[in-house]
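Protein chains: 2
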Amino acid sequence: MTAQTLRTEQQQQQPPAPGVTRRRLLGTATATGAAGLVAGGTGVTAVLRDTGDESVPLTTVGATRVPFHGTHQAGITTPLQAAGHLAAFDLTPGAGRKQAAALLRRWSRTAARLTAGEPASDGDTGIALDAGPSSLTVTFGFGHTFFDRTDLTARRPAALAPLPPFSADALDARRSDGDLWVQIGADDPLVAYHALRAVLRDAGETATLRWQTRGFNRTPGATAEPRTARNLMGQVDGTNNPTPADDDFAARVFVPAAGQPDWMANGSYAVFRRIRMLLDRWETLPLERQERVIGRRKSDGAPLSGGGEHTPVDLGKFGADGALAVAGDAHVRVAAPASNGGAAMLRRPFSYDDGLRDDGAPDAGLLFIAWQADPRHGFVPVQRKLDRGDGLSRFLRHEASALWAVPGGAADGEYVGQRLLEG
Amino acid sequence: MTAQTLRTEQQQQQPPAPGVTRRRLLGTATATGAAGLVAGGTGVTAVLRDTGDESVPLTTVGATRVPFHGTHQAGITTPLQAAGHLAAFDLTPGAGRKQAAALLRRWSRTAARLTAGEPASDGDTGIALDAGPSSLTVTFGFGHTFFDRTDLTARRPAALAPLPPFSADALDARRSDGDLWVQIGADDPLVAYHALRAVLRDAGETATLRWQTRGFNRTPGATAEPRTARNLMGQVDGTNNPTPADDDFAARVFVPAAGQPDWMANGSYAVFRRIRMLLDRWETLPLERQERVIGRRKSDGAPLSGGGEHTPVDLGKFGADGALAVAGDAHVRVAAPASNGGAAMLRRPFSYDDGLRDDGAPDAGLLFIAWQADPRHGFVPVQRKLDRGDGLSRFLRHEASALWAVPGGAADGEYVGQRLLEG
């Protein structure tokens, strides 16, 4: 009896999943032969898997494969992976459009191989041997400066204009921005590191690493059933994320197929912020104060206005004491879509821990990554509001920032960015 | 049908596992009710689990619990965990034996709670909420300097004498040694970070962090069946490790129950080395050259003298070309127990990746941790030989070092080190 047939029989014995919280959007488990469903509107081949009481075998962790080729790049709607690397590159002096095109071709070929569980090349490092693809994704983006370096300034999207400054910013330019961006995610940290080494090798003489950072999320199976992630403040983080089941999901997250510029069709814009958490300060706050700052219960993420994690926040509700149940400066109030003209973005972060700083404080927090069709209607208005009125901002430091134009996915035989670089 | 009953039925249908390579030593899956077997001689309560073709549910990852109390401390024979932190502390000026005893009592209480999946205290950070204990272990050790600071110099073990210098050492004192050591491991990185924050909080005014570093290993289920780990050179690493099935396992790894000093009964000595890998240089070597340096095939770890991964290395075998099949300076030859008087230690490392150094080289490699009853008969003679003749040493830099006396496990109601600190 194989793992797969076992799962299928169990599914027949199980009642339908009671709700979306018991489901998880997964990349196609090609290696185990699972049938794929196309999630509405996103073009991402995916399986909705009920893992409530079902005995999903441990071996699916390594075997799960997320296709590299498709309408959109992988690593945007892919479920959070346990390990990730973010790397930004600058083109070397003398490297222009032609060399950049060759690099993106190399990177795309490598990503296609690695995400299929194959070695990158004959000289593969072997770090990922024995492990399956482990939901590896490799996602590529272009920064504002890329277009000047490649004489493509005229084709730079207006949406890629540099993010405005925010009053709470304490940005380190050396860990911000860049010509090119690679996001790597996998459920196994050696598989992720293997991909990073292959990407660095491909960069060759064309691009040098500008900055890199690594992060993590829950290991598959660490929770008894799929749950909204927690961050290093211990807070449930991501409850209000749009989901592919939402009617306007694709419109919020992806540039339309007929959108402008044409080479960004089906692409998305990624905002990266390295957000250090002032954990020593945060952890001295009593639980009730922490919950007031967020506007949700820490235990289960339920809004302080009542209900469960997924109950809509009632911003107008008053408590028995006559005060607003969700405080005026609570994070969920200030960040709520209703408060900023319906702006929404798909937040898909990693946590990070880089040890202690010289001042003794933990150098840890969130590698915030937000995906949207246009940052001028996504991250920027939300962050403007948070910057002014969010009680949580006293416990956060934005220390690095970047904005990336992430083209649509490559078809088989294409490379990412080909419509820009050869268009 | 629960996951557990399912697993039991499957086991009945399965033939016995063909060999030790298809078995994995696991902590007791208390939360899922698995029956425990006591592995011979080690006193560690453990389950030998066959995961060959068996559908082990993903949910066991979080539910697996490794008991804190026992004859030996946990985290020595526990299978490699996916995430780890190593932290060294120095007692603050003015803190002596009494304060150290109180700290070890706090740390032991916290470790007992966290490894059971419970919060550390009322003010728990909540980072591990939703996840089970995820095989969390927290292991405590004492460094050479601890005994002077606590007026316990007379009870310092002779085996804790500082390690001798080696010619290839390039040690950073700030990242080496320390009064106290905490090793944290868990299969979920947030569970591991949660434990680190709790340990730091407990240190309070008694001890300050001297250094910390974090590492990783394979995620459970990333390989289709349990395999010997690979390191960031892509090499199978750990094939020759002693296993609890060996007659002399306990004698090699643990101080005897009647051993000296008495407070180290059932304890062990941990050698830590931060070993940076010169990956840029290593990865330019052709596969055949890499395999010659190691003495094993990269693909499956089989010795170049023939057979499979677990075939004993035939150091006297010559190839068709008249040369030794395993080269004179091959790592497996120089490290082989037969070459150094039978010395053996249990290597239980994590890989690490701290990004790029200022010189552009990867700051990545192995957090080498070796466990033995006496480092003078374990790590020291092996490293002396490697230091002289190992072809692999050209690709490694030992950048930090420490030696820890790790007492036996605490019984319920005791704390680790109690027999030293109250003896």
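If you're matching them up, the sequences are chains A and B in order.
Just so we're aligned, residue 1 is where the first sequence starts under full-length UniProt numbering, counting upward by one.
Just so we're aligned, residue 1 is where the second sequence starts under full-length UniProt numbering, counting upward by one.
Even glycine gets a Cβ: it sits at the ideal position worked out from N, Cα and C.
Interface flag for residue 191 of chain A against chain B is set, since a Cβ pair is found closer than 8 Å. Relative to the Cα of residue 298 of chain B, the nearest Cα in the group A:114, A:123 and A:113 belongs to A:123. For residue 210 of chain A, same chain residues with a beta-carbon under 7 Å away, outside a window of 5 residues either side, are 88, 89, 90 and 178 in chain order. The continuous stretches of alpha helix (DSSP H) do not include residue 166 of chain B, and DSSP gives it neither H nor E. Here residue 368 of chain A is bridged, per DSSP, to A:273. Under the 8 Å criterion on CB atoms, residue 61 of chain A is classed as interfacial with respect to chain B. Residue 271 of chain A and residue 186 of chain A have their C-alpha atoms roughly 20 Å apart. DSSP lists no beta-bridge partner residue for residue 343 of chain B. For residue 199 of chain A and residue 107 of chain A, the gap between their C-alpha atoms comes out near 6 Å.
The residues 391 and 392, in chain order, have a CB closer than 6 Å to that of residue 293 of chain B in the same chain once the five nearest residues on each side in sequence are set aside. If you check each beta-carbon in the segment 266-291 of chain B against every beta-carbon of chain A, the ones closer than 8 Å belong to 279, 283, 286 and 287. Closest by C-alpha distance to residue 216 of chain A, out of A:368, A:377, A:406 and A:394, is A:368. When DSSP states are grouped into helix, strand and coil, residue 62 of chain A belongs to the helix group. Residues of the same chain with a CB within less than 7 Å of the CB of residue 376 of chain A, apart from the 5 flanking positions on each side, are 159 in chain order. Uninterrupted beta strand (DSSP E) stretches at least 3 residues long and entirely within the UniProt domain "Dyp-type peroxidase N-terminal" (73-217) of chain A occur at 83-91, 137-142, 180-186 and 207-216, given in chain order. Note on geometry: alpha-carbon atoms of residue 182 of chain A and residue 405 of chain A lie some 11 Å from one another. The beta carbon of residue 165 of chain B does not come within 8 Å of any beta carbon belonging to chain A, so the residue lies off that interface.
Residue range 350-356 is occupied by the beta strand (DSSP E) that includes residue 350 of chain B. Between the segment 126-136 of chain A and the segment 57-70 of chain A, the count of Cβ pairs shorter than 8 Å is three or higher; the stretches touch.
Assignment of residue 416 of chain B by DSSP, reduced to helix, strand and coil, places it in the coil class.
Contact between residue 309 of chain B and residue 301 of chain B holds: CB atoms are separated by about 4 Å, below the 8 Å threshold. Its chain contains 82, 83 and 216 as the residues whose beta carbon lies nearer than 8 Å to that of residue 189 of chain B, once the 5 sequence neighbours on both sides are disregarded; these appear in chain order. Identification of chain A residues near residue 130 of chain B by a Cβ-Cβ cut-off of 7 Å yields 223, 227 and 230, ordered along the chain. Within chain A, the residues 209 and 212 have their CB atoms less than 8 Å from the CB of residue 356 of chain B, given in chain order. Counting only runs of at least 4 residues, the segment 213-299 of chain A fully encloses the following alpha helix (DSSP H) elements, listed from N- to C-terminal order: 249-253, 279-282 and 287-294. Around the C-beta of residue 407 of chain A, 16 or more other C-beta atoms lie within 10 Å, and the residue is accordingly described as buried. Contact with chain A is found for residue 216 of chain B, since one of that chain's Cβ atoms lies less than 8 Å from the residue's Cβ. Comparing alpha carbon positions, the residue from A:162, A:394, A:145 and A:126 closest to residue 195 of chain A is A:126.
Flagged as an interface residue toward chain A: residue 134 of chain B, by a C-beta distance shorter than 8 Å. Identification of residues in the segment 230-263 of chain A having a C-beta nearer than 7 Å to some C-beta of chain B yields 230, 232 and 234, given in sequence order. Taking CB atoms only, residue 58 of chain A has a neighbour in chain B less than 8 Å away. Per DSSP, residue 376 of chain B is not a residue of any beta strand (DSSP E), being assigned neither H nor E. Between the segment 237-255 of chain A and the segment 355-362 of chain A, the count of C-beta pairs closer than 8 Å stays below three; the two stretches do not touch. Taking a 10 Å sphere around the C-beta of residue 423 of chain A, we find fewer than 16 other C-beta atoms and assign the residue as exposed.
The three-state reading of DSSP puts residue 398 of chain A in strand, counting E and B together. The Cβ of residue 298 of chain B sits closer than 8 Å to at least one Cβ of chain A.
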